[in-house]
Amino acid sequence: MVTVVEPVSARRLLACAQDVRAVYLDAFSGAPWAEGPAHADAYLRRLAADVDRPGFTAALAVDGNAVVGWATAWTTPRPFPTDRCHPRISAALGEQRTAEWLCGAREVDELAVAAHARDAGLGGRLLHAVTADRSDGRCWLLTSVRATGALAFYERAGWTQATHPAPAGAGHAAFLGPRHPARTAVFPPGRRA
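For what it's worth, UniProt numbering labels the leading residue of the sequence shown as 1, then goes sequentially.
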């Protein structure tokens with residue numbers, strides 16, 4: 001069967017909540033995430049609220065009747081959020097770049113593909129599905145620097161790492177999308193303006 005990747009409504013995504021939970025567990029139970037059933041349940045509770053965020057968009061990867069991946073995104077608010085990993089990203093970029101580059105941009109929040117469906121281009125297709133309609137190209141995401149597979153995937157997909165945490169293997173990195181106008185203003189590791 002051919003796996004279909006398509007944008008979906010919040011209602012359709014939530015109707016597939018148990019499938020999303022199963023993919024979440026499959027994708028995030030291993031290193032470096034080590035997340036279990038309680039994390040997956042917490043994600044579903046968060047997702048139920050996230051669908052009401054301004055600019056919310058989602059996509060599913062479906063193989064026959066089985067959900068094998070999904071992605072969600074929304075518009076980053078102004079002022080910049082102070083929850084989760086956002087303060088670390090803001091500290092790394094600085095207040096001005098954070099406001100100019102990230103606030104009002106499309107923030108990719110989650111992207112997951114079941115292990116058995118990887119290496120078929122689904123991650124890239126899901127990423128494209130939740131960002132392609134952004135005419136100004138202002139899209140961004142963050143991930144753990146310990147997730148070396150994710151870091152390599154985003155780089156292959158044309159995303160540019162905008163923050164470079166300490167090399168100790170902890171922290172988070174922000175990536176700017178392939179059409180983000182600030183991509184060329186990103187400084188390499190160890191150098192700041």
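Note that CB positions come from ideal geometry on N, CA and C, so glycine has one too. Note that the structure is predicted; figures quoted are calculated from it, not measured.
Just to confirm my understanding: we take residue i, look at its own chain, exclude 5 residues before and 5 after, and list those with CB closer than 8 angstroms. What are they?
{"i": "S9", "result": "A58"}
{"i": "V186", "result": "T160, Q161, A162, L176"}
{"i": "L14", "result": "L47, A48, V51"}
{"i": "V68", "result": "T3, V23, A61, V62, V113, A114, H116, A117, L122"}
{"i": "E35", "result": "Y24, L25, F28, S29"}
Measuring CA to CA, which of the options is closest to residue i?
{"i": "V2", "options": "V108, D63, A132, H172", "result": "D63"}
{"i": "W159", "options": "A147, S144, C139, R146", "result": "C139"}
{"i": "T184", "options": "V145, A120, R97", "result": "R97"}
{"i": "P87", "options": "E155, L14, G171", "result": "G171"}
{"i": "G137", "options": "R21, P178, L151", "result": "P178"}
{"i": "L151", "options": "R21, P32, A22", "result": "P32"}
{"i": "R45", "options": "S29, F28, R21", "result": "R21"}
{"i": "R53", "options": "V5, T143, L142, G104", "result": "G104"}
{"i": "F56", "options": "S135, D109, D83", "result": "D109"}
Can you give the Cα-Cα distance for residue i and residue j, rounded to whole angstroms?
{"i": "W70", "j": "E95", "result": "31 angstroms"}
{"i": "A129", "j": "A73", "result": "10 angstroms"}
{"i": "R125", "j": "D133", "result": "13 angstroms"}
{"i": "A92", "j": "A182", "result": "15 angstroms"}
{"i": "T75", "j": "H116", "result": "31 angstroms"}
{"i": "R156", "j": "D119", "result": "13 angstroms"}
{"i": "A42", "j": "E107", "result": "20 angstroms"}
{"i": "R78", "j": "T148", "result": "30 angstroms"}
{"i": "A61", "j": "C16", "result": "11 angstroms"}
{"i": "A114", "j": "P37", "result": "15 angstroms"}
{"i": "R11", "j": "R146", "result": "33 angstroms"}
{"i": "A66", "j": "Q18", "result": "11 angstroms"}
{"i": "T131", "j": "L102", "result": "14 angstroms"}
{"i": "P81", "j": "P7", "result": "25 angstroms"}
{"i": "E100", "j": "V5", "result": "31 angstroms"}
{"i": "I89", "j": "H180", "result": "17 angstroms"}
Please state whether DSSP places residue i in a helix, a strand or coil.
{"i": "F80", "result": "coil"}
{"i": "W101", "result": "helix"}
{"i": "G123", "result": "helix"}
{"i": "S29", "result": "coil"}
To which residues of the same chain is residue i closer than 6 angstroms at the C-beta, ignoring the five residues directly before and after it?
{"i": "Q161", "result": "A173, F175"}
Based on the DSSP output, what are the partners of residue i in its beta bridges?
{"i": "W140", "result": "E107, L176"}
{"i": "P7", "result": "A59"}
{"i": "W159", "result": "Answer is none; W159 lacks a bridge partner."}
{"i": "W70", "result": "L60, A112"}
{"i": "T75", "result": "R106"}
Can you name, in chain order, every residue of its own chain whose Cβ lies under 7 angstroms from the Cβ of residue i, other than the five neighbours on each side?
{"i": "F153", "result": "G123"}
{"i": "L111", "result": "A71, G123, L126, L127"}
{"i": "C85", "result": "L142, H172"}
{"i": "A40", "result": "R21, Y24, L25"}
{"i": "S144", "result": "P32, H172"}
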